[in-house]
Amino acid sequence: MSTGPALDPEILDFYTDRYREERRLHATAHGRLELLRTRELLSRFLPAAPARVVDVGGATGVHAAWLADAGYDVDLIDPVPSHVARAAEIPGVRAQVGDARELPFTDSSADAVLVLGPLYHLTERLDRLLALREAARVARSGGVVVAAAISRYAGLLELAAVGEVSDETEASLRRAVETGLHDPRSGFTTAYFHRPDELAGELEDAGLGTVAVYGVEGPSAPALDNLPLDEAEPLLGSAVRAARLLEQDPAMIAASPHFLAVGLVG
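For the sequence shown, the UniProt record's numbering puts the final residue at 266, and the numbers step up evenly by one.
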């Protein structure tokens, strides 16, 4: 296992000491919606098992565990050592510390490459393109690259739903909407938020073809955030259907807190 790439200390501290990704995706209604829809979209676009999947920025292995259990051959890369230690305990998952911009895999060695977290925290476009080009390099011809991004409006819609757009938060929210740069003092950590067409353009500029962008959660996520899990659980089926209906609607896609972009390797 390598010593790992240089990582912004603020981001490392956030994921090591202040945030539990696997808990969010299972213990909150919004997280459950994101997980259900992410798996639905991945099932639609991934090749059949036992294809080899590289999960870049895979954290503690929430998606890797599901893929391995389904029979996929899974490698996981993440820059946070504590994440990798937990992922390495998952049967069928090979995990190592690494950088999305310099993957430790040979050319054309995977059937699919997932980039479901790194683009959030690469605030410079050049770094995001490096990560996407690395994903495209590792995927075989005809393989697929799937990349996740956070919506430019995610922070604003989340805070509006809980009555926290105020004199104290409005300036940073306006900056995030205008520039994509999220202020870590607003909750979360250092991050970049995308517009759907911007994300598609980055995949295309990285050399990927037949690019399509999908809204993940749809417009129901802020409402679910305001409900306890036991009250929100009966609403998840409806929320999933709404997200599916609107997943590529140009007028509504940016209302999803997260996007998934899918591109093919030529």
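Built from N, CA and C at the ideal position, the CB exists for glycine as well. Only a predicted model underlies this, so the values are computations on that prediction, with no experimental measurement involved.
Query	Result
How far does the beta strand (DSSP E) with Leu-76 in it extend, from its first residue to its last?	73 to 78
Mind checking Val-162: buried by the 16 CB within 10 Å criterion, or exposed?	exposed
Closest to Ser-186 by CA distance: which of Gly-207, Ala-206, Ala-154 is it?	Ala-154
For Ser-2, collect the residues of the same chain with a Cβ closer than 6 Å to its Cβ; drop the 5 residues on either side in sequence, then sort them by chain order.	Because the pLDDT of Ser-2 is 38, which lies under 50, any placement of that residue in the model is unreliable, and the question is left without a value.
Measure from the alpha carbon of Asp-55 to the alpha carbon of each residue in Ala-29, Ala-88, His-26, Phe-259, then state which is nearest.	Ala-88
Quick test of your reading: Leu-41 and Tyr-214, contact by CB under 8 Å. State the CB separation rounded to the nearest angstrom.	6 Å
Is Glu-124 closer than 8 Å to Glu-102 when the C-beta atoms are compared?	no
Alpha carbon to alpha carbon, how far is Leu-114 from Gly-4? Give it in angstroms, no decimals.	Legend: pLDDT at Gly-4 = 43, less than 50; position of this residue unreliable, no value from coordinates given.
Apart from the five residues just before and just after Gly-180, which ones in its own chain have a Cβ nearer than 7 Å to its Cβ?	Arg-152, Tyr-192, Phe-193, His-194
So, using beta-carbon positions, are Leu-157 and Pro-222 closer together than 8 Å?	yes
Would DSSP call Ser-108 helix, strand or coil?	coil
Please confirm if the region 234 to 244 is in contact with the region 141 to 150, defined as three or more CB-CB distances below 8 Å between the two stretches.	no
With a CB to CB cut of under 6 Å and the five nearest residues on each side skipped, what residues in its chain are close to Gly-218?	Ala-242, Ala-243, Leu-246, Ser-256
Please report the distance separating the alpha-carbon of Gly-263 from that of Arg-94.	24 Å
Reducing DSSP to helix, strand and coil, say where Thr-210 ends up.	strand
Give me the Cα-Cα distance between Thr-38 and Ile-253, rounded to the nearest whole angstrom.	15 Å
Once the 5 residues before and after Ser-220 are set aside, which same chain residues still bring their CB inside 8 Å of it?	Leu-33, Leu-235, Ser-238, Ala-239, Ala-242, Ala-243
Let's see if you can read the secondary structure: which residues bound the beta strand (DSSP E) around Glu-30?	For clarity, residue 30 is His in the given sequence; the question names Glu instead. Segment 29 to 45 is the alpha helix (DSSP H) holding His-30; no beta strand (DSSP E) there.
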